[in-house]
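Just so we're aligned, residue 151 is where the sequence shown starts under the numbering used here, counting upward by one.
This report concerns only the one structure given below.
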Amino acid sequence: METGRLGAFQIEVASIKTAHLQLISHSPEQTQRLGTSLGKLAQADDVFLLCGELGSGKTCLTQGIAWGLNVKEYAFSPSFVLVREYYGRLPLYHVDLYRLDHIEEIANLGLDEYLYGDGVCVVEWAEKGLPLLPQDNLLIKLSYLSQTERSLTLETNGTRYSQLLRSLKPEMKTWNSP
Ligand SMILES: Nc1ncnc2c1ncn2[C@@H]1O[C@H](COP(=O)(O)OP(=O)(O)OP(=O)(O)O)[C@@H](O)[C@H]1O
Ligand SMILES: [Mg+2]
151 METGRLGAFQ IEVASIKTAH LQLISHSPEQ TQRLGTSLGK LAQADDVFLL CGELGSGKTC
211 LTQGIAWGLN VKEYAFSPSF VLVREYYGRL PLYHVDLYRL DHIEEIANLG LDEYLYGDGV
271 CVVEWAEKGL PLLPQDNLLI KLSYLSQTER SLTLETNGTR YSQLLRSLKP EMKTWNSP
């Protein structure tokens, strides 16, 4: 538990609800490396929500997450496939909401078994369904900067993800080759 002093009073921070980490990736490999670190640290029931335009690197990041979970047979799937299941150290449920335009369609998909299940659930195009997705999550916003550069912002919602972000920091030393 963290403590801080404010005047004469001892303030206790019971939980850190939201923290941010901003990164610039300079190559697809760096984005994959971030994903691999997240996959290594992931626990059952984790939810990673990926938001960002076409080509911003969501699938590239997910591929790294799969590797970090020791998924052997990850394959890029066409975006009309709504849910892909992979099996590594934990199951990985890769949900892609790209094709869905109405929130009612998402509500009818029966995603709860993936979102609240025994595996790690990664949702691409999560911005299309945010009100229906778990409030505790790691929200990753990706955006295109140049042909080879992407900005990635990690936002933690809930104490599990603050803890994940803290564990990620020592992993960052492994990312710095081109
Ligand atoms: N730094 C980078 N990080 C990630 N991808 C990069 C980077 N630089 C270039 N790229 C390229 O950008 C493309 C990203 O494609 P990807 O399929 O991961 O995007 P996406 O966000 O999943 O798109 P979509 O919305 O169509 O599913 C790939 O061709 C990848 O090689
Ligand atoms: Mg994609």
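We treat Cβ as the ideally placed atom computed from N, Cα and C, and that holds for glycine.
Only a predicted model underlies this, so the values are computations on that prediction, with no experimental measurement involved.
Every unbroken beta strand (DSSP E) inside the region 214 to 275 [3 residues or more]: 233 to 237, 241 to 246, 270 to 274
I need the boundaries of the beta strand (DSSP E) containing SER206, first residue and last residue. Here residue 206 refers to the residue found at position 56 when the sequence shown is read from its first residue. Here SER206 belongs to no beta strand (DSSP E), and DSSP marks it neither H nor E.
Measuring CB to CB, does LEU191 end up less than 8 Å from LEU304? Your numbering for residue 191 matches position 41 in the sequence shown. Your numbering for residue 304 matches position 154 in the sequence shown. No, Cβ-Cβ distance for LEU191 and LEU304 is not below 8 Å.
Alpha carbon to alpha carbon, how far is VAL197 from PRO284? Give it in angstroms, no decimals. Numbered from 1 along the sequence shown, position 134 holds the residue referred to as residue 284. Numbered from 1 along the sequence shown, position 47 holds the residue referred to as residue 197. Whole-angstrom Cα-Cα distance: 8 Å.
To the nearest angstrom, how far is the alpha carbon of LEU219 from that of PRO241? What you label residue 219 is simply residue 69 of the sequence shown in a count that begins at 1. What you label residue 241 is simply residue 91 of the sequence shown in a count that begins at 1. If you take the alpha carbons of LEU219 and PRO241, they lie about 8 Å apart.
Taking the alpha carbon of VAL272 as the reference point, which residue from LYS291, GLU255, ASN258 has its own alpha carbon closest? Reading the sequence shown from its first residue, position 122 is the one you call residue 272. Nearest of LYS291, GLU255, ASN258 to VAL272, Cα basis: LYS291.
Near SER293, which residues of its chain fall below 6 Å by C-beta distance, leaving aside the five closest residues on each side in sequence? The residue you call residue 293 lines up with position 143 of the sequence shown. If we look at SER293 and ignore the five residues flanking it on each side, its Cβ neighbours are GLY202, SER206, SER301.
Are GLN232 and VAL245 closer than 8 Å when you measure CB to CB? Here residue 232 is taken as the residue at index 82 of the sequence shown, counted from 1. Here residue 245 is taken as the residue at index 95 of the sequence shown, counted from 1. In the sequence on display, residue 232 carries Leu and not Gln. In this structure, VAL245 lies closer than 8 Å to LEU232 by Cβ.
Alpha carbon to alpha carbon, how far is GLY214 from ALA225? The residue given as residue 214 occupies position 64 in the sequence shown. The residue given as residue 225 occupies position 75 in the sequence shown. Between GLY214 and ALA225, the C-alpha separation is close to 11 Å.
For GLY185, collect the residues of the same chain with a Cβ closer than 6 Å to its Cβ; drop the 5 residues on either side in sequence, then sort them by chain order. Your numbering for residue 185 matches position 35 in the sequence shown. If we look at GLY185 and ignore the five residues flanking it on each side, its Cβ neighbours are LEU211, GLY214, ILE215.
Given a cut-off of 8 Å on the beta-carbon distance, is the pair ILE256 and LEU265 in contact? The residue labelled residue 256 in the question sits at position 106 within the sequence shown. The residue labelled residue 265 in the question sits at position 115 within the sequence shown. It is not a contact, given that the beta carbons lie outside the stated cut-off.
Cα-Cα separation between THR181 and GLU254, rounded to whole angstroms: In the sequence shown, counting from the first residue as 1, residue 181 sits at position 31. In the sequence shown, counting from the first residue as 1, residue 254 sits at position 104. Whole-angstrom Cα-Cα distance: 32 Å.
Simplified DSSP assignment, three categories, for GLU305: As a working note, residue 305 is residue 155 in the sequence shown. Strand.
Would the beta-carbon of LYS208 be found less than 7 Å away from any heavy atom of ligand 2? Start at 1 with the first residue of the sequence shown, and residue 208 comes out as number 58. Checking the Cβ of LYS208 against ligand 2 gives yes.
Which whole-angstrom value is the C-beta distance of ALA169 and SER312, which I expect to be below 8 Å? Taking the sequence shown and counting its residues from 1, one reaches residue 169 at position 19. Taking the sequence shown and counting its residues from 1, one reaches residue 312 at position 162. Right, the Cβ-Cβ distance comes to about 5 Å (below 8 Å), so this counts as a contact.
Contact set for MET322: own chain, Cβ-Cβ below 8 Å, skip 5 residues either direction: The count along the sequence shown starts at 1 and reaches residue 322 at position 172. For MET322, where only same-chain residues beyond five positions count, the Cβ hits under 8 Å are SER187.
Count the other CB atoms within 10 Å of the CB of GLU274; is the residue buried (16 or more) or exposed (fewer)? Start at 1 with the first residue of the sequence shown, and residue 274 comes out as number 124. Result: buried.
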